[in-house]
Structures are given as structure tokens and as C-alpha cells.
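Protein chains in written order, with the working numbering: chain G, 2 to 405; chain R, 2 to 405.
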């Protein structure tokens, strides 16, 4: 008689976005005349840039002709895309990453969920609190997290690193030594950034204790300030302790087009075994490459036209971020993020919980955001707004919030 | 200090296609004037059908306009595609599969590799021998297969079900009871088909012993004979014991476009837990949907124009299969497959091993195929040719083989 993977049964329900959706539709049903503005989910709204559209059409035409048709892609991604990534995302910053250390995939969510698989189930993970839930949930599924305490909403075998106003939402080195450290900067959900000096401390620490940093840099394109690293490989020694995850979703509006990549330097080893070889084996066995047409679209992201168009697209969203941040500050809110990230993290006023503030905002301003407590216990009392709406909606939402 | 998943280290090298590539390029280097014809790898060569190209262009245009732009897809796939699949692949055959029992993915390779994850690592798997290597390798990675015997090339905790000339390349019910049974029909690599009556025996057996059948029907579109089931859900009782994997790769030339789906009926349970809910959780946590434009391309596969064009495409490849099968039979080879599948499975002449025949064919006819021993011990002495080349190359290859 077959049995299921009972680690799956330990997962508490993932009710954050479904609870939001239910509350919103119940409210809308009761108030059919009111127009609700959604600044909750981190999905983009601007269309793909013209250079990307052109690359897609041209690649589709190639698929129509036997002479240029493309079948199975190379396991680890087409050379043209891996070369463009190595050149523009690493060499231009002076980082030594070779094209064959880049693994093209269908997105950072998949990679951040799958990467734990090449590690022993004995390894102990450390995560920021609040955190993107995929890091924890996929380790639960693998049986790496111990037992769940529903009252404190924490797992017994996970090291939580609180990110609070007190530490500027950048975690301190943990007291207990982890094997795997998940870091996401610029951060989802807090919108905070890490300085190069701070990240260097983490790299030095990981090399010292023999830990691997899984560095999620999905929001790198939103960095606007000097001194904020665009990649962990700007830090000395990162080649022996870091894996980097990157995404085209927020950089180029690919949430529905699906493209990302993972960098594993060949110097990252356990004894004689390179993590590069294990991930290559996983890719070759369980994955079959991103679509050719999408890889061509990814290449266009790095063309001069593509770069110029995407700079404008990101400026559009960051203008929204500014509207949100400055508007809320004017209205007396304690607010952070939104400078090097498309997320704004605000403190619910008074002693309101995250969900109380959610209801308050929905009912009084008809604006939807995301309760911070949905990202972990240290998110309680906080709230996330995203800059990915349209400019008009963003301005209207902030006017409404200021009016209450 | 972090540790790796040492199950990965147990995997013997996956040298089949890289050994082939090395031998071919060494031969080509020594004989630069000879033109080599490749009928080895199962990749398609015909371009995407016009209806699919049109759907792709139209979806790309939607991505260029904010009003029609698509961000994150629904986790389990767009309704338009799931409805088309349910209607055309199931309801038309009288099979009761609901649209919400269909999980759209980026291909059957990924799904066939990932599906084992929702089962306990204690479960015992049964596989055909010879077999598509992904089924075994992904179970090795999960630690489900025991120890490897390099001499016999088998794993201690895997039930191998020989598929030989004696049983028409359809396995018999195993003596030892498995928990998970991988079946692929029409079969890769042997090209054999299973009758509905034979498959019904497997369904009855699985229901009797409490096993799950993971049914890979990636080559379903190549079925030409009556009485061969297009889906396991044609069998009575399959809803309580079967998961089906399907692919657009060979049905519509999507090897480089990437689309597939998995069907998990809601009646398939372990106690109160549906496998449907576990796979939905996995999809929601570790996957982010197939690209919108590719899902629109998938929808076009089911349009009247798409269906008519793909019928011709498949007829083109099956004409190749006929050329190969009849040509080899005329030349005195013992040959099977090629009637309901794009693969032809032949016995190497005399006492030649698979690899000896590989060298013989490469050197004497300049034709490349795949040694059967690469798919498992019972494949020794056999050889796989595929129908996915161009017609001209296929005819030329068979003429050359007949001439030696």
C-alpha cells in the first residue's frame, strides 16, 4: 500500500493570499459601488518592452521554419543568453562569473524551492523573519524543519533571524550556526537593502562556519543607491560560499513569461564535490530547459534598446514607490523600503495587528495590501504595499489613505 | 558545516548521450567527408504548425499592451487550456476527467521527475526494463532505491519488470508488490503498445494491492491502431489508482516550446488525503505556471486547424517509422515498434551487443542510433531508431543500412 510524503501534511494552510481574496470579494459583494485598488500581490502591470516583443515575434517566426526551428534546448540554457547574463550582470560589475556557472531556468520561485534538494536533509536552515514563504515551505516538504508550533507560528529546527526596525530590517549573525542561510536583498517583503559592507560580513561568516548562502537577488534591478551590492559576487570570498538566484520577473515584467537563473560558482564545494555538478545533474534529470522563444526574449533584456526601455519601466514603478512612501510619511506613518525595492513596509498605527489594519484599509480606503504577519511572526504589526500598480491607481490609493 | 544530498553521489554517470556524441564527433573528425545521419535522440525536426505560430504571435501581441498583458498565471494553468484538454483528450473519449483535475506544466520530463516527491521515501517502485532513465534517477535522488550493483546495473530496492520479445515488450505483473508502478505506453524506448485489456489488468492489480500507477502517455498521439488506449482513464477503476502524464512535445513539436500536463483524479487517496491536494500544494509552492504565450499555443493544438495540421505532422513522422520498420525487416532485422509509436526497436544481428552494433552502424552506414543497453539491462542487444528525422534523411539512412 503506497504512502504519501507526510512532511506535506505538516504544512499549515497557506491562507495568506486566499484569505485576502475572500475578504476582498466579501467586501466587494456588500459594497458593489466602491472601487477597490489592489496594492497587495507583487505582480507587475506594465506590458513587455518593445525590444522584448520584437525578440519574441522573431523567435516565433524561427519556430515556423524547419531551417531555423529549435527542439530541445541545451539543459543549462542557450549560450547566447548565458553569455549575455555573464557579460552584463557580472563582468560589467567586475565579478568573475563564467557563462557555464549560470543555469537558466523558468524563474526564481522554482529555483528557490528546488535548490534545497541538493543538500542533506540534516542541514539546518536560517531564514529572515519576515520571509518569502517558499524558502521555509520547501524545506518543510523535504523534512528539514522539525515540528510546527501553531501558537508561535515557528518550526522547531529553523533558525529565525528577526528583521525589525531596530536592526534596519537587516538580520544579525545568528547565535546558532546554520548550514544554509537564505538571504533576499533587496528584501521581500520589507523592501530593505543590505550594504556591501554588511553583506561582506555574511560572506566572511559563511566561509568561517562552512555554511552556504542562498542569495535571492530577484529585486536587484530596483537598487537606486550607491554602496548597495547588485550581486553577492561583489563580495570577496563569495565564490566559495554563495549561490545566487536571479529573476526576469520584476526586472523585465516576466511574471507571466517565466525566466530566471541560478549562479553556482565552481569553487563552491563539499570536500571534492562541487555543488555546480549536483545542480547540473538535477537540471539534466528533472528539467528540460526554458522555451527557446523565452530565452530569446531574455537576451533582448540586455540589448541597448531593451536596457533603455526597461530603465524607464523600472523608473515608472519606482515613481509609484516614491508616491506611496512620501504620501504615507506625510500622513504620519512609520514607513521603510521603497528606495532600492518595489515594496513599502509600514507600521500599522497604534496597536493594530496586521490583519486589523488590513480590514481598516479595506473598509475605510478601499485599498488592499498584504498583512506583514503573513510573512512570519516578526511581521506582526506591519503591512506591505507594492509599487507594481498603475501610477493613477497608486496616486488614488494614497490620497484615500491620507484622507482617513 | 553544510552537507550535500549524498543520494546524488550514488548515481552512476549518465553517459549514454554524451558517449554517443563523443563517438560521433571522433568518427566525424577522422572522416570529415562522410555525412552522418542522426536517428538517435528523440527530438522533433518539423516546425510548429501554422495554427500554433498564429496563436503565439497573437499572444505575444497581448503581452505588448497593458490592457491585455498577463502577469502570473493561475498556479495550475489557465482555464482555457485546462478546459480544452478535458474536452478533447478526455470527454471525447468518454473519460470522466474534470478540468480541475488537470495540472498544466512545462513538460512531462519535469512532471515525471517531480511526481515521486509527494510519496513517502519508504515506497517501493517498479519500472519496466528497458526504461526512460528519469523515473529511476529521480527516485535515486530521493533515496528510494537502495544500493547500486554496477555489474548487473540494477538498484537493490527497485522492482525491474523485463520487457522482452517473449512478452511483446509489455511487462507481466510483478511477483513482489510495488507501491508505485511506472508505465509508459506507447513505450519509450521499445515503441511497443499496450492493449486496453492488458492495461485494465494493471489497473485492477493496482487497485487490489494499493499501488499507484504513474502512467506516462507522452506518445499517445502516435497510436494508429484500434484497441490501444489513448489514456489510462479509459480503464474502469483508474480514477482510484492512476496518475497520467501527458506532453505536447511529440504531439505538437513542443520539445523546445515546453508544455505538458499531469492528471490526478480527486478519487485517488491515501486515507483521507488526496494526491490531488498534495500535487496542488507542490505546484503552488515550487512552480509558477507555464508562460501565458505557451499556454495559448497549447490551446491552438485543439483548434480544428491545429488538429488537422498536427494530424499531417504526425503522419509525416509515422511515414518515416514505416520506412524504417519495413526497410529493416526487408534487410532481415528482427524489428518491433513503429506502429503506435515513433520509436523502432531492433535486435542487433548475431550476438552483437548494443554498443557493438552502434559502432558497426556508425562506421559502415554513417547512421547514429541509441544503444538499447543504455535504457536498462534487458535492452542489451537491442537498438533504438527514431522517426523524428526528415523523410529524406530517413530514407537515405535505411538505404545505407540495407546496403551493408
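No residue lacks a Cβ here, since even glycine has one placed at the ideal position from N, Cα and C.
Q.
Against chain G, with Cβ distances strictly below 8 angstroms, would residue 238 of chain R count as a contact?
A. For residue 238 of chain R, the answer is no, since every Cβ of chain G falls outside 8 angstroms of its Cβ.
Q | residue 134 of chain G - DSSP class collapsed to helix/strand/coil | A | helix
Q: Leaving aside the five residues before and after residue 345 of chain R along the sequence, list all residues of the same chain whose C-beta is less than 8 angstroms from its C-beta, in chain order.
A: 192, 322, 325, 326, 329, 336, 337, 338, 339, 385, 386, 387 and 388
Q. Under 8 angstroms, do residue 194 of chain G and residue 342 of chain G count as touching if we go by C-beta distance?
A. yes
(Q) Check for me: the beta strand (DSSP E) holding residue 247 of chain R runs from which residue to which? (A) 243 to 248
Q) Can you name the start and end residues of the beta strand (DSSP E) that residue 337 of chain R belongs to? A) 336 to 338
**Q.** Partner residues on chain R for residue 111 of chain G, Cβ-Cβ distance less than 8 angstroms
**A.** 287, 288 and 289
**Q.** alpha helix (DSSP H) runs contained entirely in the stretch 330 to 377 of chain G, provided each spans 4 or more residues
**A.** 355 to 366
Q. When the Cα of residue 300 of chain G is compared with those of G:255, G:316 and G:272, which residue comes out closest?
A. Ranking the options by Cα distance to residue 300 of chain G, first place goes to G:255.
(Q) Run through chain G and tell me which residues come within less than 9 angstroms of residue 64 of chain R, C-beta to C-beta. (A) Simply 48, 49, 53, 54, 57, 254, 257 and 258.
Q) For residue 71 of chain G, which of R:69, R:49 and R:92 has the nearest alpha-carbon? A) R:49
Q. Taking DSSP as the reference, what is the three-state secondary structure of residue 282 of chain G?
A. helix
Q) Just by C-beta distance, which residues in the stretch 266 to 300 of chain G are closer than 8 angstroms to chain R? A) 271, 274, 276, 279, 282, 283, 285, 286, 287, 288, 289, 290, 291, 292, 293, 294 and 295
Q) Sorted by chain position, which residues of the same chain lie with C-beta nearer than 8 angstroms to residue 162 of chain G's C-beta, five sequence neighbours on each side aside? A) Cβ contact annotation for residue 162 of chain G (same chain, cutoff 8 angstroms, sequence separation greater than five): 127, 128, 129, 130, 172, 173 and 175, in chain order.
Q. In three-state DSSP terms, what is residue 163 of chain G?
A. strand
Q | Reduced DSSP category for residue 262 of chain R - H, G, I as helix; E, B as strand; rest coil | A | strand
Q: State the start and end residues of the unbroken beta strand (DSSP E) segment that holds residue 185 of chain G.
A: 181 to 185
Q: Give every residue of the same chain whose Cβ lies closer than 6 angstroms to the Cβ of residue 349 of chain G, excluding the five residues on either side of it in the sequence, and list them in chain order.
A: Hits under 6 angstroms: 358, 382 and 384.
Q. So is residue 2 of chain R buried or exposed if we call it buried at 16+ other beta carbons inside 10 Å?
A. exposed
Q | Start and end residues, alpha helix (DSSP H) containing residue 18 of chain R | A | 17 to 31
**Q.** Inside the stretch 104 to 160 of chain R only - beta strand (DSSP E) runs reaching at least 3 residues
**A.** 126 to 130
Q | C-alpha distance - residue 119 of chain G paired with residue 244 of chain G, whole-angstrom precision | A | 12 angstroms
Q) By Cβ distance below 8 angstroms, which residues in the same chain neighbour residue 204 of chain G in space, the five residues on each side in sequence not counted? A) 214, 233, 236, 237, 238, 239, 242 and 243
Q. Below 8 angstroms between beta carbons: does that hold for residue 365 of chain R and residue 399 of chain R?
A. no
**Q.** Exposure of residue 374 of chain G, with buried meaning 16 or more beta-carbon neighbours within 10 Å
**A.** Buried, because 16 or more other Cβ atoms sit within 10 Å of the Cβ of residue 374 of chain G.
**Q.** Within-8 angstroms CB hit, residue 328 of chain R to chain G
**A.** For residue 328 of chain R, the answer is no, since every Cβ of chain G falls outside 8 angstroms of its Cβ.
Q: Let me know the secondary structure DSSP gives residue 384 of chain G once reduced to three states.
A: Here residue 384 of chain G sits in strand by DSSP.
Q. By the 10 Å Cβ neighbour count, where 16 or more other Cβ atoms means buried, how is residue 190 of chain G classified, buried or exposed?
A. buried
Q. Among the residues of its own chain, which have a CB less than 7 angstroms from the CB of residue 155 of chain R, if the five just before and after it don't count?
A. 161 and 378
Q: For my contact list, residue 83 of chain R and residue 103 of chain R are in at a C-beta cut-off of 8 angstroms; report their separation, rounded to the angstrom.
A: 5 angstroms
Q: For residue 10 of chain G, return the contacting residues in chain R, with the cut-off set at a CB-CB distance below 9 angstroms.
A: 274 and 279
Q. Among all the DSSP beta bridges, which residues are the ones paired with residue 275 of chain R?
A. R:270
Q.
So residue 139 of chain R contacts chain G; which residues on that side make the cut at Cβ distance below 7 angstroms?
A. Within 7 angstroms Cβ-Cβ: 286 and 287.
Q | Backbone secondary structure at residue 45 of chain R - three-state DSSP | A | coil
Q | Selection from G:211, G:168, G:178 and G:117 that minimises the alpha carbon distance to residue 199 of chain G | A | G:168
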